[in-house]
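Numbering (our numbering), first residue to last: 77 to 729. Where a beta carbon is used, it is the ideal one built from N, C-alpha and C, also for glycine.
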Amino acid sequence: MMKFDQINIKKIMPYFYIALGLLIFFLIIGRFTPTRVGDGSEYYALFYAWDAMFRPWMTSTAYDAYGNLFSSHEIMGLVPRDVLEVAFPDLIVGNTADFNHFWLYSFLAFISAKFSSLVGIKLSVHGAFLVLHFLLIFMTISIAYRYYKWQGVFIVVLMTFFSPILWFTNKVHTELYTYCLATSGIIFLYAKKYLPSALVFAIASAQNPSFALIAFIPFCYRVILQRKVQYNLTEVIIFVTTAFFVLAHPIYYFLRFGVMTPQLLAGGASLGGNLSTFYIWILDPDLGIIPNWPLGILSIILAIFMLFQKKNRKHFYFDGKITLFLILYLLINFYANSSTTNINSGATPGLARYALWYLPLAFPIFLFISKNVIWRSRLFYLIIILIVATSISTFKNNDPRKGEDYTTPSKISFFIQKRLPWLYNPPVEVFQERYSGYGESIHTKSYLGIIGPDCRKLLVSPNNNGSDVVFPSNCYLDKSKINAIVKIRSNKIVSGEYINLSQEDIKSSRIIIAPKKHSSGVAGDGGFILGSHWGQRESWGVWSEGNSVSLNIPCGNEQYFSKNGEFTLSLELQSFLNQKVKIFTKGHTLWQGEILGKPTDLSFSVPTDTCQKKGEVLIYIDISNPKSPQELGLSEDPRKLGIGLISFEIKTN
77 MMKFDQINIK KIMPYFYIAL GLLIFFLIIG RFTPTRVGDG SEYYALFYAW DAMFRPWMTS
137 TAYDAYGNLF SSHEIMGLVP RDVLEVAFPD LIVGNTADFN HFWLYSFLAF ISAKFSSLVG
197 IKLSVHGAFL VLHFLLIFMT ISIAYRYYKW QGVFIVVLMT FFSPILWFTN KVHTELYTYC
257 LATSGIIFLY AKKYLPSALV FAIASAQNPS FALIAFIPFC YRVILQRKVQ YNLTEVIIFV
317 TTAFFVLAHP IYYFLRFGVM TPQLLAGGAS LGGNLSTFYI WILDPDLGII PNWPLGILSI
377 ILAIFMLFQK KNRKHFYFDG KITLFLILYL LINFYANSST TNINSGATPG LARYALWYLP
437 LAFPIFLFIS KNVIWRSRLF YLIIILIVAT SISTFKNNDP RKGEDYTTPS KISFFIQKRL
497 PWLYNPPVEV FQERYSGYGE SIHTKSYLGI IGPDCRKLLV SPNNNGSDVV FPSNCYLDKS
557 KINAIVKIRS NKIVSGEYIN LSQEDIKSSR IIIAPKKHSS GVAGDGGFIL GSHWGQRESW
617 GVWSEGNSVS LNIPCGNEQY FSKNGEFTLS LELQSFLNQK VKIFTKGHTL WQGEILGKPT
677 DLSFSVPTDT CQKKGEVLIY IDISNPKSPQ ELGLSEDPRK LGIGLISFEI KTN
């Protein structure tokens with residue numbers, strides 16, 4: 077038995093430093109309010125399946141424990157027990173039930189909680205998953221250190237905490253699990269440790285079955301390419317364990333339901349159904365990993381730049397085994413990801429969750445760059461500056477405190493559709509949910525078409541079952557006029573196709589504001605005034621979301637109020653709590669004061685010299701202290717509400 081004085085402290089200390097750094101990070105994010113995203117309720121519930129009855133399926137006892145968690149309000153946004161119980165009727169067997177996702181992720185969190193209890197640490201259910209996340213990241217960074225020392229640690233830290241993965245560090249969802257295991261698998265592969273690589277990919281396959289095919293590649297490398305190397309006991313154990321994890325998912329569901337994976341029974345998958353748009357997971361401005369990861373874009377540019385420098389090519393060599401693996405990794409994941417029936421899914425800060433399956437491929441790119449950068453050279457300092465610059469955007473977009481956001485376009489997507497709409501046509505589902513203003517509920521509505529932010533690009537309804545066109549408020553279109561034009565145009569176009577409206581179509585459809593009070597509610601005619609950062613219109617009006625909003629008023633000689641030197645804008649507002657408000661436009665403060673939580677009428681003059689060349693007056697409203705009902709314990713609504721616009725009227729002076 078090894079004595080304490082025989083332990084090499086110097087070899088252990090790096091792992092201690094890694095663990096200490098991660099511990100500090102998780103102690104910080106552990107203080108954030110836990111919020112359920114996506115399938116999180118299923119994973120919490122399966123934790124109780126193990127904790128209550130030590131079973132991989134749900135029982136009444138496990139549902140009782142989950143119901144208590146829901147009632148405690150410890151975690152925001154949980155699915156109610158009665159809803160969760162009937163979520164997957166095809167996966168109910170007698171008094172037991174399964175979900176559309178495997179139980180291993182929850183089981184590992186359960187094991188983490190049990191081991192913690194042995195040293196006197198009692199974890200909450202959410203805390204158990206955070207401990208699991210700590211262990212997964214620690215494992216990945218430790219493997220990187222084992223084979224690439226601090227260079228490897230730096231690379232994995234960049235990939236983990238300077239990418240969209242940051243958002244998932246405190247979310248109970250399997251994206252971090254998959255990322256850590258896949259990244260570890262690629263590091264093992266580069267180190268020619270083929271069986272350990274196969275093992276971690278096999279563990280990933282328990283939650284995502286397609287990774288079983290990926291695990292088979294390094295497995296074959298060991299069996300075929302290293303066939304002359306004798307197996308030791310450790311490798312035999314890894315060999316058997318790999319086979320176990322590959323078979324766990326399909327055998328479990330086959331024995332329970334007669335299918336290899338529950339999505340084929342309960343829905344959620346159609347094999348290869350979206351293969352024609354396989355590229356979206358990498359390149360789509362809304363869904364893809366590259367457009368939504370500034371550091372990833374930077375790394376690709378740097379790697380290409382370095383490849384063109386002759387002196388750096390000595391660190392680049394063609395390895396057929398790795399190249400074959402990378403090609404097969406892409407092909408397998410393209411097919412698996414394209415089998416989903418929900419391209420624009422939730423539980424994400426913006427990009428598609430499946431896009432994160434390709435993030436581990438950045439490791440060889442970062443490794444190549446790091447081997448070609450001279451310490452303290454000009455290029456080194458330039459890279460550090462660029463990393464810091466891109467990190468600001470990454471932290472802002474992927475702050476773990478933020479909720480999910482998959483119903484609004486990314487900045488780069490909006491820029492393309494606003495300025496360069498001819499450049500790219502998003503998948504129909506993405507355009508519907510991110511540019512309609514209705515999110516996933518757009519599929520329950522009847523509509524004729526959706527106009528993009530350029531006010532000309534039109535997606536003809538794939539169902540062709542409505543009479544109204546959905547369009548941005550700042551297009552200033554008259555609903556009846558644009559409906560008539562699109563109705564004629566859509567009769568000549570295949571449903572679900574994109575077309576461009578002509579300038580004449582837009583000009584002839586421009587709204588002429590009537591001299592009356594306009595309602596901002598969903599059934600009202602005042603939607604044209606709503607600029608940025610307003611929420612979805614409701615029956616009574618519309619709430620602001622955030623610290624500032626804007627009002628856009630179409631102006632020009634055709635409007636009745638534009639002939640005088642100024643006009644009066646009357647607003648009926650309702651504040652959420654008491655709010656100090658400042659209303660202003662370029663060069664003018666129009667109104668400033670406090671709204672005291674009840675319907676309030678405001679009136680102020682607006683100079684017509686504020687009418688811009690684009691034919692609109694932009695009015696901005698700053699709000700002092702928006703709060704969410706969730707923060708106040710009133711409901712689970714996470715929106716930061718400030719003021720509500722009920723109605724408005726424009727009067728001539």
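{"Asked": "According to DSSP, simplified to helix, strand and coil, what is Ile151?", "Found": "coil"}
{"Asked": "Going by DSSP in three states, Arg454 sits in which element: helix, strand or coil?", "Found": "helix"}
{"Asked": "Roughly how many angstroms separate the alpha carbons of Leu371 and Leu122, rounded to a whole number?", "Found": "36 Å"}
{"Asked": "Which residues mark the beginning and the end of the alpha helix (DSSP H) in which Asn623 is found?", "Found": "First-last for Asn623: undefined, no H or E at that position."}
{"Asked": "Would you kindly work out how many angstroms separate the C-alpha atoms of Ser188 and Tyr514, rounded to a whole number?", "Found": "40 Å"}
{"Asked": "Are the stretch 156-176 and the stretch 132-142 touching by the rule of at least three beta carbon pairs closer than 8 Å?", "Found": "yes"}
{"Asked": "Would you mind sorting His519 into buried or exposed? The rule is 16 or more other CB atoms within 10 Å of its CB.", "Found": "exposed"}
{"Asked": "Which class does Met77 belong to by DSSP, given the choice of helix, strand or coil?", "Found": "Note on Met77: pLDDT 48, under 50, position unreliable in the model; the coordinate value appears next. Of the three classes helix, strand and coil, the one that applies to Met77 here is coil, per DSSP."}
{"Asked": "Are the stretch 282-289 and the stretch 227-247 in contact at 8 Å, needing three or more beta carbon pairs?", "Found": "no"}
{"Asked": "Report back the beta-carbon spacing between Lys716 and Glu621 to the nearest angstrom; my notes put them in contact at under 8 Å.", "Found": "6 Å"}
{"Asked": "For Ala291, which of helix, strand or coil comes out of DSSP?", "Found": "helix"}
{"Asked": "According to DSSP, is Glu605 part of a helix, a strand, or is it coil?", "Found": "Sequence check: residue 605 is Ile here, not Glu. Correct three-state label for Ile605: helix."}
{"Asked": "Can you tell me the Cα-Cα spacing of Arg477 and Arg107, whole angstroms?", "Found": "10 Å"}
{"Asked": "Sort Ser615, Leu435, Pro503 by Cα distance to Ser352 and report the nearest one.", "Found": "Pro503"}
{"Asked": "Within 10 Å of its beta-carbon, does Trp619 have 16 or more other beta-carbons around it, so buried, or fewer, so exposed?", "Found": "buried"}
{"Asked": "Quick check on Glu648: does DSSP put it in helix, strand or coil?", "Found": "strand"}
{"Asked": "Please classify Ser723: does DSSP put it in a helix, a strand, or coil?", "Found": "strand"}
{"Asked": "With Leu206 and Phe102 assumed to form a contact (beta carbons below 8 Å), what rounded beta-carbon distance in angstroms separates them?", "Found": "6 Å"}
{"Asked": "In chain order, what are the residue ranges of uninterrupted alpha helix (DSSP H) at least 4 long that sit wholly in the stretch 267-341?", "Found": "270-281, 287-296, 309-333"}
{"Asked": "Looking only at its chain, what residues have a beta carbon closer than 7 Å to the beta carbon of Trp616, apart from the 5 residues adjacent to it on each side?", "Found": "Gly597, Ile722"}
{"Asked": "Could you tell me the boundaries of the beta strand (DSSP E) in which Leu672 lies?", "Found": "664-672"}
{"Asked": "Roughly how many whole angstroms lie between the Cα atoms of Leu455 and Phe295?", "Found": "39 Å"}
{"Asked": "What does a CB cutoff of less than 6 Å around Leu194 pick up in its chain, not counting 5 residues either side in sequence?", "Found": "none"}
{"Asked": "Quick one: grab the DSSP three-state call for Glu480.", "Found": "coil"}
{"Asked": "Express the C-alpha separation of Leu271 and Thr111 in angstroms, rounding to a whole number.", "Found": "37 Å"}
{"Asked": "Output the residue ranges of the alpha helix (DSSP H) runs that lie fully inside the stretch 141-213 and measure 4 residues or longer, sorted by chain position.", "Found": "157-161, 180-194"}
{"Asked": "Got a sec, what are the start and stop residues for the alpha helix (DSSP H) Pro132 sits in?", "Found": "Where Pro132 is concerned, there is no enclosing alpha helix (DSSP H), given that its DSSP letter is neither H nor E."}
{"Asked": "Assuming Ile377 is part of the beta strand (DSSP E), what are its boundary residues?", "Found": "Not the beta strand (DSSP E): Ile377 falls in the alpha helix (DSSP H), residues 370-383."}
{"Asked": "State buried or exposed for Val368, treating a residue as buried only when at least 16 other CB atoms are found within 10 Å of its CB.", "Found": "Here residue 368 is Asn; the residue named in the question, Val, does not match the sequence. Buried: at least 16 other Cβ atoms inside 10 Å."}
{"Asked": "Out of curiosity, what's the CA-to-CA distance linking Phe230 and Ile441?", "Found": "13 Å"}
{"Asked": "Buried or exposed for Asn567, please, with buried defined as at least 16 other CB atoms from any protein chain shown within 10 angstroms of its CB.", "Found": "exposed"}
{"Asked": "Is it true that the CB of Ile279 sits closer than 7 Å to the CB of Phe320?", "Found": "no"}
{"Asked": "What are the residues that DSSP puts in a beta bridge with Phe660?", "Found": "Thr665, Tyr696"}
{"Asked": "Taking 6 Å as the limit between beta carbons, can you name the residues of its chain near Gln508, skipping five residues before and five after?", "Found": "Ile518"}
{"Asked": "Any idea which residues DSSP pairs Arg586 with across the strands?", "Found": "Leu553"}
{"Asked": "Could you give the residue range of the beta strand (DSSP E) that holds Asn576?", "Found": "574-576"}
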